[in-house]
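A.B. asks: Could you have a look at this structure, given as structure tokens, before my questions?
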Amino acid sequence: MRTTRRELIRLGALAAAAAALPGLAGAAQPMPIARAARPLRILILGGTGFTGPFQVQYALARGHKVTLFNRGKRPSPEWPGEVEQLHGDRNSGDLSALRGRQWDVCIDNPTSLPFWVRDAGLALKGNVGHYLFISTISVYADGSRPGITEDAPLAAYKGKDAMAETQQTLMADVENLYGPLKALSEAEAWKQFGDNVTVVRPGYIVGPRDETDRFTYWPHRVAQGGEVLVPGDGKDPIQVIDGRDLGEWMIRLAEARTFGTFNAVGPREPLLMDAMLATSRSVSGSSATFTHVAPEFLVEQKVDLPIWVPRGEGPYAGYGQVSNARAVGAGLTFRPLATTVAETLEWFGSQPAERRAKLRAGITREREAEVLKAWHARPRATAG
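Written out as structure tokens, the structure is:
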């Protein structure tokens with residue numbers, strides 16, 4: 376089955392095993408990170424999920440002072456004594472810890488509800504010089520056409536009161552509400568913070584720390600070897616962005632005071648499904664073989680595979696070909712796909728055995744074998 380909007384949205388909204396694999400040892404040491412010309416006081420709403428820690432790590436390396444604001448449900452021990460931690464609850468409107476404080480920049484990572492942005496604006500009014508909001512490509516009204524730009528029409532909210540929507544009502548109808556509520560959250564950001572706003576719209580965020588396993592499924596499966604079920608003909612375009620590339624770029628946007636709206640999708644050049652899988656095979660050193668299975672057959676088999684979006688058909692066919700020209704012009708860069716694959720496998724292989732035992736996306740090896748068997752056994756058309 377093709378990737379549905381529900382699959383793209385639900386795992387994105389909820390955001391959030393190959394141990395000792397050949398080819399992963401001896402990873403290159405990261406290059407030293409230069410200090411920023413001017414240190415900033417950065418407030419990050421959230422900060423302990425997927426991209427937040429990458430923002431913190433990069434900001435500290437650049438010489439910035441970082442404050443996190445969240446509920447404290449997922450404390451991170453990664454920066455003891457280096458990061459200020461403030462607690463509150465945006466669901467209940469408890470943002471008292473933010474009042475009376477000043478920051479140069481606020482990065483809003485977890486928001487999908489307009490009232491969260493409104494309340495942040497009220498608490499921070501006059502005390503933040505730049506507001507960066509992580510949105511999503513799901514805000515677009517029409518995802519069927521390739522080349523979606525930031526100026527494309529946005530999804531319309533059809534409910535009664537967007538400000539009354541909660542996490543519970545969102546998750547009860549996430550497929551219909553997620554995009555429109557993100558779009559209205561963007562609008563609220565401009566209302567609250569004026570022109571000093573940056574809206575970043577990613578698609579699939581991947582790499583180490585990705586708890587959805589949407590991308591991880593593919594390098595992990597290829598690394599296991601054997602016959603791999605590949606949806607489509609292998610020529611469907613894939614767009615992913617490493618969470619580190621996204622997080623680090625947002626800090627640079629803050630440093631440059633770059634305002635506006637940007638599609639944060641990658642890589643820079645088009646990437647096809649087969650190329651992604653071939654990279655995974657090369658990195659892991661596996662002997663996997665690839666069997667392409669027609670989308671119609673996968674629909675019949677009720678098989679849903681992550682990341683893949685078939686080109687040229689369906690309401691979301693353009694999700695693999697969103698324009699990133701504006702973001703690249705604003706300094707978005709991408710590490711090599713091979714690096715993302717290798718370090719995703721390293722990260723996943725370091726997780727506890729119970730975490731690695733069952734991936735949260737994709738299909739089991741047993742189900743894959745059943746579908747491949749049925750595919751090979753299907754009646755073939757004969758030449759007249």
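Positions in the sequence shown are counted from 1; adding 375 to them yields the working numbering.
Even glycine gets a Cβ: it sits at the ideal position worked out from N, Cα and C.
The model shown is predicted, which means the values in this text are computed figures rather than measured ones.
Assuming L470 and T442 are in contact, meaning their beta carbons sit under 8 Å apart, how far apart are those beta carbons, in whole angstroms?
C.D. replies: Counting from 1 along the sequence shown, the entry for residue 470 is found at position 95. Counting from 1 along the sequence shown, the entry for residue 442 is found at position 67. Not a contact, Cβ separation roughly 13 Å.
A.B. asks: Should S659 and V597 be called a contact, given that it needs their Cβ atoms to be closer than 8 Å?
C.D. replies: On the sequence shown, residue 659 is found 284 positions in, with the first residue counted as 1. On the sequence shown, residue 597 is found 222 positions in, with the first residue counted as 1. Result yes, Cβ atoms of S659 and V597 sit closer than 8 Å.
A.B. asks: What residue does the alpha helix (DSSP H) around R742 start on, and which one ends it?
C.D. replies: Taking the first residue of the sequence shown as 1, we reach residue 742 at position 367. That run of the alpha helix (DSSP H) goes R740 to A752.
A.B. asks: Go through the segment 651 to 711 residue by residue and report every complete run of the beta strand (DSSP E) that reaches 3 residues or more, in order.
C.D. replies: 664 to 668
A.B. asks: Is the segment 665 to 676 touching the segment 740 to 759, taking contact as three or more C-beta pairs under 8 Å?
C.D. replies: The segment 665 to 676 vs the segment 740 to 759: in contact.
A.B. asks: By Cβ distance, which residues of its chain are closer than 6 Å to T503, with the 5 residues on each side in sequence left out?
C.D. replies: Start at 1 with the first residue of the sequence shown, and residue 503 comes out as number 128. A small correction: the amino acid at residue 503 is Val; Thr does not occupy that position in the sequence shown. Here the set comprises W478 and C481.
A.B. asks: Quick check on the DSSP output: the alpha helix (DSSP H) that includes K557 runs from which residue to which?
C.D. replies: Counted from its first residue, the sequence shown places residue 557 at position 182. V549 to F568 is the extent of the alpha helix (DSSP H) around K557.
A.B. asks: If I'm right that V697 touches N638 with Cβ under 8 Å, what's the distance once you round it to whole angstroms?
C.D. replies: Counted from its first residue, the sequence shown places residue 697 at position 322. Counted from its first residue, the sequence shown places residue 638 at position 263. With 8 Å as the limit, V697 and N638 qualify as a contact, their Cβ atoms being about 5 Å apart.
A.B. asks: Express the C-alpha separation of A663 and G601 in angstroms, rounding to a whole number.
C.D. replies: Working through the sequence shown from its first residue, we reach residue 601 at position 226. Working through the sequence shown from its first residue, we reach residue 663 at position 288. Those two C-alpha atoms are separated by around 5 Å.
A.B. asks: Would you mind working out which of V615, L435, G501 and A732 sits nearest H595, comparing C-alpha positions?
C.D. replies: Counted from its first residue, the sequence shown places residue 595 at position 220. Checked all of V615, L435, G501 and A732; the closest Cα to H595 is A732.
A.B. asks: Under three-state DSSP, which class holds P594?
C.D. replies: The residue given as residue 594 occupies position 219 in the sequence shown. Looking at P594 - three-state DSSP - the assignment turns out to be helix.
A.B. asks: Between R753 and V603, what straight-line distance do the alpha-carbon atoms span, to the nearest angstrom?
C.D. replies: For this step, residue 753 is matched to residue 378 along the sequence shown. For this step, residue 603 is matched to residue 228 along the sequence shown. In a straight line, the C-alpha of R753 is about 18 Å away from that of V603.
A.B. asks: Give me, in chain order, the residues of the same chain whose beta-carbon lies closer than 6 Å to that of S560; leave out the 5 immediate sequence neighbours on both sides.
C.D. replies: Counting from 1 along the sequence shown, the entry for residue 560 is found at position 185. Answer for S560: T486, P489 and V492, listed in chain order.
A.B. asks: Among residues of its own chain, excluding the 5 on either side of F709, which ones have a beta-carbon nearer than 6 Å to its beta-carbon?
C.D. replies: Position 334 of the sequence shown, counted from the first residue, corresponds to residue 709. Answer for F709: D620, G641, P642 and R643, listed in chain order.
A.B. asks: In the DSSP assignment, find the unbroken beta strand (DSSP E) run with Y433 in it and report its ends.
C.D. replies: By 1-based counting over the sequence shown, the position of residue 433 is 58. That residue, Y433, is in no beta strand (DSSP E); its alpha helix (DSSP H) goes G427 to A436.
A.B. asks: DSSP beta-bridge partners for I580?
C.D. replies: In the sequence shown, the residue the question calls residue 580 occupies position 205. DSSP lists I616 as partners of I580.
A.B. asks: Along the chain, where does the beta strand (DSSP E) containing E459 start, and where does it finish?
C.D. replies: If you number the sequence shown from 1, residue 459 lands on position 84. E459 -> beta strand (DSSP E) spans E459 to H462.
A.B. asks: In three-state terms, what does DSSP make of P521?
C.D. replies: Translated into positions along the sequence shown, residue 521 becomes position 146. P521 falls in the coil class under three-state DSSP.
A.B. asks: What is the DSSP secondary structure of D585, reduced to helix, strand or coil?
C.D. replies: Residue mapping note: residue 585 aligns to position 210 of the sequence shown, counting from 1. Look at D585 here: in three-state DSSP terms it is coil, with no helix or strand label.
A.B. asks: Going along the chain, which residues of its own chain have a beta-carbon closer than 6 Å to the beta-carbon of D588, five neighbours each way excluded?
C.D. replies: In the sequence shown, residue 588 corresponds to position 213, counting from 1. Excluding positions up to five away in sequence, the list reads L734, R735 and A736.
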